[in-house]
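Visitor:
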Amino acid sequence: MATASVTHYPLRISGEAVDTDALYEIVNPATEEVFATAAKGSVAHADDAVAAAKAAHERGEWRTLPPAERADVLDAICARMSEQMDELCALQVAENGATIRQAMAFHIGYSISHLQYFADLCRTYAFQHSGPTLSYPTLAAGRVRREPIGVCAGIVPWNFPLLLAVWKLGPALAAGNTIVLKPDEKTPLTLLALARIAEECGLPAGVLNVVTGEGEEVGAHLAAHPDVRKIAFTGSTAVGREIMRTAAGNVKRVTLELGGKGPNVVLDDADLETAVDAALFACYLYSGQACESGTRLLLPASLHDEFVDRMVARASNMVVGDPADFGTDIGPVISAEQRDRILGYIEQGKREGATVALGGRTPDRDKGYWVQPTIFTGVTNDMTIAREEIFGPVISVLKYDTVEEAIRIANDTEYGLSAGVWSADNERALEVAERLEAGTVWVNDWHMVSCEYPFGGYKQSGLGRELGPHALDEYTEAKFIHLDLSGRRDRRVYDMLVPTEET
Ligand code: NAD
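The sequence shown begins at 11 in the numbering used here and counts up by one.
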């Protein structure tokens with residue numbers, strides 16, 4: 011139960027803290043202790059937040075601000091986040107069990123640098139540009155304006171709650187929209203903290219609102235809301251499908267970032283020393299709870315045994331423990347439910363004939379939700395552990411004989427978010443990379459999500475792209491303005507309906 015010393019986080023609607031009768035107890039997954047509470051929002055709070063966002067859009071003080079001045083406000087938010095880096099990292103570690111090293115680099119570090127990218131992009135993006143002068147049927151000038159869409163909504167999961175929110179609010183705000191964000195029930199704190207920072211930095215009231223609440227209730231309500239003109243969602247493919255269906259009600263613009271089952275293809279000329287560590291990095295970062303993890307490791311038969319031996323030796327020495335400790339390599343998983351789900355997949359893998367080469371259990375610890383780093387060998391691509399997203403520290407090793415076979419196995423999945431190729435020969439690696447069906451392919455690397463390049467999925471891994479300059483296209487409407495330059499009444503084209511008197 012909550013103790014009197016825990017910090018309470020209210021919702022942020024229209025620039026104000028809003029409290030509710032109900033609350034969420036926020037549990038540290040490493041200790042099972044309730045260390046904070048958050049207001050629990052309802053459908054009525056979601057309505058209030060959308061109304062605040064709509065009113066702010068109509069008032070126009072954000073969308074009519076020159077882009078460079080919007081960028082100044084985003085700069086200030088980034089600066090304040092940097093000043094509060096330690097507090098935000100500590101919050102992230104306690105909230106979702108990210109290790110402190112990962113929180114500093116990715117969970118919070120990337121959140122700041124990616125928001126800064128959108129601030130910078132806001133200064134250079136072509137919100138308006140002239141096109142070719144038209145000469146037929148009469149002389150005219152053309153202009154394209156990229157205008158904000160209006161009220162946007164973002165729904166984010168628990169694994170990278172702040173970063174994945176930044177991927178939505180960054181382009182939305184840079185483009186002049188207003189937004190309502192709904193974090194996952196378990197992890198609302200870093201996003202609520204960011205909303206408060208944004209208010210302190212001068213973001214007008216109602217431009218950024220954060221409402222907590224149950225996904226099926228508050229999240230689904232936002233997806234259906236007639237005043238929400240765009241919805242961006244990161245989470246499971248099943249919920250993404252549902253959101254797309256619901257969003258059809260008012261033909262919302264939709265961006266979806268969904269699940270993955272990333273194939274990591276090691277070619278027979280790969281640098282083993284790096285590739286072995288990278289295979290662990292690709293899967294075990296944040297205990298395997300990243301959508302773009304490398305979870306299917308495809309090894310050539312010639313390298314298989316040596317690679318697995320080296321990987322098992324390296325992984326056996328990884329430190330599983332307190333995520334707040336700088337010496338820890340692997341932290342807990344998010345919840346007891348997630349731990350049991352992962353252990354269920356491990357049992358299923360054994361039943362279907364795969365061999366546990368490492369781990370496979372929960373380590374001996376009194377408190378918290380843990381799964382040992384696990385490696386399965388003897389996996390075939392029809393097994394459940396090769397097809398379904400486990401979302402835990404479980405690597406499935408598949409053996410192949412030819413590169414053709416490796417590419418076929420890699421692409422034999424309903425997902426297409428990420429993939430990797432390892433080779434000492436760049437040309438050879440690029441040939442394989444071009445044939446992999448994935449939104450991101452890393453050659454001799456993994457997890458390098460760059461804010462300057464698009465991120466998103468092929469097939470059932472998503473729809474649209476976040477990050478990169480295109481992200482601003484996804485948060486704007488393109489308006490074409492045609493300006494007649496002829497000034498003449500006798501335009502020939504009118505003749506088809508209202509002929510001039512001479513004709
Ligand atoms: P989830 O889909 O259950 O939940 C994600 C968010 O959606 C939460 O905020 C939740 O409250 C909300 N939600 C749940 N049901 C909803 C509904 N019916 N309508 C509207 N909102 C609803 O996902 P999860 O299991 O919590 O998160 C893990 C999943 O997210 C994994 O499948 C993972 O691959 C995926 N993911 C994808 C990416 C990506 O960028 N592609 C990133 C992170 C996570």
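All residues carry an ideal CB built from backbone N, CA and C; glycine is no exception.
1. Is the distance from the Cβ of Ala434 to the Cβ of Leu368 below 8 angstroms?
2. Ordered along the chain, which non-local residues of its own chain (more than five positions away) have a Cβ less than 6 angstroms from that of Met11?
3. If you run the structure through DSSP and keep just helix, strand and coil, what is Cys301?
4. Taking 7 angstroms as the cut-off, does the CB of Val261 come closer than this to any heavy atom belonging to the ligand HEM?
5. By a C-beta neighbour count over all protein chains shown, 10 Å radius and 16 as the cutoff for buried, is Arg349 buried or exposed?
6. Report yes if the C-beta distance between Gly180 and Ala63 is below 8 angstroms; otherwise report no.
7. Grab the span of the beta strand (DSSP E) containing Asp494 for me, first residue to last.
8. On a CA-only basis, which of Ser496, Tyr34, Glu79 is nearest Tyr146? Give me that one, please.
9. How about Val128: is its Cβ closer than 7 angstroms to a heavy atom in the ligand NAD?
10. Within the continuous alpha helix (DSSP H) that includes Asn106, where are the two ends?
11. Can you tell me where the alpha helix (DSSP H) holding Ile207 begins and where it ends?
12. Tell me, which residues are paired with Ile189 by DSSP?
13. How long is the line joining the alpha carbons of Lys178 and Ala311, rounded to whole angstroms?
14. Does Pro76 pass the burial test, meaning 16 or more other C-beta atoms within 10 Å, or should it be called exposed?
15. Looking at the unbroken beta strand (DSSP E) that takes in Pro273, where does it start and where does it end?
16. Per DSSP, Trp452 forms a beta bridge with which residues?
17. Within the present structure, is the beta-carbon of Ser312 separated from the nearest heavy atom of the ligand NAD by less than 7 angstroms?
18. Have a look at Ala27, Glu267, His235, Gly270 and flag the residue whose alpha-carbon is nearest the alpha-carbon of Ala258.
19. At the level of alpha carbons, what is the spacing between Tyr19 and Glu68?
20. Output the distance between the C-alpha atoms of Gly164 and Val238, rounded to the nearest integer angstrom.
21. Classify Phe128 as helix, strand or coil using the three-state DSSP reduction.
22. What do you get for Pro373, buried or exposed, if any count of 16 or more other CB atoms within 10 angstroms of its CB means buried?
23. Does the pairing of the segment 434-453 with the segment 328-346 give three or more beta-carbon distances under 8 angstroms?
24. In the DSSP output, which residue or residues are listed as bridge partners for Pro310?
25. Between the beta-carbon of Gly107 and the beta-carbon of Pro342, is there less than 8 angstroms?
26. Here's the rule: buried if 16 or more other CB atoms are within 10 angstroms of the residue's CB, otherwise exposed. What is Val503?
27. Heavy atom of the ligand NAD less than 7 angstroms from the Cβ of Trp168, yes or no?
28. Is Leu507 buried or exposed, if buried means 16 or more other CB atoms sit within 10 Å of its CB?
29. Out of Ala32, Phe170, Leu282, Glu93, which one is the CA nearest neighbour of Glu316?
30. Apart from the five residues on each side of it in sequence, which residues of its chain come closer than 7 angstroms, Cβ to Cβ, to Val16?
31. Three Cβ pairs or more, each shorter than 8 angstroms: is that satisfied between the segment 477-488 and the segment 154-161?
32. If Asn219 and Ser24 are in contact, beta carbons under 8 angstroms, what's the gap, nearest whole angstrom?
33. Which full runs of the alpha helix (DSSP H) of 4+ residues lie inside the segment 42-96, going along the chain?
34. So, with DSSP's three-state summary, where would you put Gly472?
35. Need the endpoints of the beta strand (DSSP E) that Ile385 sits in, please.
36. What residue range does the beta strand (DSSP E) around Phe243 cover?
Guide: A quick look at the data gives this:
1. By 1-based counting over the sequence shown, the position of residue 434 is 424. By 1-based counting over the sequence shown, the position of residue 368 is 358. No, the Cβ-Cβ distance between Ala434 and Leu368 is not below 8 angstroms.
2. Here the question's residue 11 lines up with position 1 in the sequence shown. Any reading at Met11 needs caution, since the residue's pLDDT is 42, under 50, leaving its predicted position unreliable; the model's value is listed next. No residues qualify anywhere along the chain.
3. In the sequence shown, counting from the first residue as 1, residue 301 sits at position 291. Cys301 falls in the coil class under three-state DSSP.
4. Judged by which ligands are present, the ligand HEM is missing from the structure shown, whose ligands are the ligand NAD.
5. Position 339 of the sequence shown, counting from 1, holds the residue named residue 349. It counts as buried.
6. Start at 1 with the first residue of the sequence shown, and residue 180 comes out as number 170. Start at 1 with the first residue of the sequence shown, and residue 63 comes out as number 53. In this structure, Ala63 does not lie closer than 8 angstroms to Gly180 by Cβ.
7. As a first step, residue 494 must be located in the sequence shown, where it is residue number 484. First-last of the beta strand (DSSP E) with Asp494: 486-494.
8. As a working mapping, residue 146 is identified with position 136 in the sequence shown. Comparing Cα positions, the closest option is Ser496.
9. Along the sequence shown, one-based indexing puts residue 128 at 118. For clarity, residue 128 is Phe in the given sequence; the question names Val instead. Result no, Cβ not under 7 angstroms from the ligand NAD.
10. Numbered from its first residue, the sequence shown carries residue 106 at position 96. Segment 95-106, the alpha helix (DSSP H) holding Asn106.
11. Here the question's residue 207 lines up with position 197 in the sequence shown. DSSP places Ile207 inside the alpha helix (DSSP H), whose first and last residues are 199-210.
12. To locate residue 189, count along the sequence shown from 1; it is residue 179. Cys162, Leu218, per the DSSP bridge assignment.
13. For the purposes of this step, residue 178 is identified with residue 168 of the sequence shown, where counting begins at 1. For the purposes of this step, residue 311 is identified with residue 301 of the sequence shown, where counting begins at 1. Spanning the two alpha carbons is a distance of roughly 43 angstroms.
14. On the sequence shown, position 66 is the one that residue 76 refers to. Per the 10 Å Cβ criterion, exposed.
15. Numbered from its first residue, the sequence shown carries residue 273 at position 263. Segment 272-276, the beta strand (DSSP E) holding Pro273.
16. Taking the first residue of the sequence shown as position 1, residue 452 is located at position 442. Answer by DSSP bridge pairing, in chain order: Gly430.
17. On the sequence shown, position 302 is the one that residue 312 refers to. No, since every heavy atom of the ligand NAD falls outside the 7 angstroms radius drawn around the Cβ of Ser312.
18. The count along the sequence shown starts at 1 and reaches residue 258 at position 248. Comparing Cα-Cα distances from Ala258 to each of Ala27, Glu267, His235, Gly270, the minimum goes to His235.
19. Here residue 19 is taken as the residue at index 9 of the sequence shown, counted from 1. Here residue 68 is taken as the residue at index 58 of the sequence shown, counted from 1. Using only the alpha carbons, I get a separation of about 29 angstroms.
20. Residue mapping note: residue 164 aligns to position 154 of the sequence shown, counting from 1. Residue mapping note: residue 238 aligns to position 228 of the sequence shown, counting from 1. Approximately 10 angstroms between the Cα atoms of the pair.
21. Translated into the one-based positions of the sequence shown, residue 128 becomes position 118. Helix, per DSSP.
22. One-based indexing of the sequence shown puts residue 373 at position 363. The residue in question, Pro373, is exposed, as its Cβ has fewer than 16 Cβ neighbours within 10 Å.
23. no
24. Residue 310 sits at position 300 when you count from the first residue of the sequence shown. Paired residues: Tyr410.
25. Within the sequence shown, residue 107 is the residue found at index 97, counting from 1. Within the sequence shown, residue 342 is the residue found at index 332, counting from 1. Yes, the pair counts as a contact, with Cβ atoms nearer than the cut-off.
26. Residue numbering aside, residue 503 sits at position 493 when the sequence shown is read from its first letter. Exposed is the call here.
27. As a first step, residue 168 must be located in the sequence shown, where it is residue number 158. For the ligand NAD, at least one heavy atom lies less than 7 angstroms from the Cβ of Trp168.
28. By one-based count along the sequence shown, residue 507 stands at place 497. By the 10 Å Cβ count, Leu507 comes out exposed.
29. Within the sequence shown, the letter at position 306 stands for residue 316. The option with the nearest alpha carbon to Glu316 is Leu282.
30. The residue given as residue 16 occupies position 6 in the sequence shown. Only Val44, Phe45, Ala46, Thr47 meet the Cβ criterion.
31. yes
32. Within the sequence shown, residue 219 is the residue found at index 209, counting from 1. Within the sequence shown, residue 24 is the residue found at index 14, counting from 1. With 8 angstroms as the limit, Asn219 and Ser24 qualify as a contact, their Cβ atoms being about 7 angstroms apart.
33. Here the runs fully enclosed are 53-69, 77-93.
34. Indexing the sequence shown from 1 puts residue 472 at position 462. In this structure, Gly472 counts as strand in the three-state DSSP scheme.
35. For the purposes of this step, residue 385 is identified with residue 375 of the sequence shown, where counting begins at 1. Counting along the chain, the beta strand (DSSP E) containing Ile385 begins and ends at 384-387.
36. Walking along the sequence shown from the start, residue 243 turns up at place 233. Unbroken beta strand (DSSP E) run through Phe243: 240-244.
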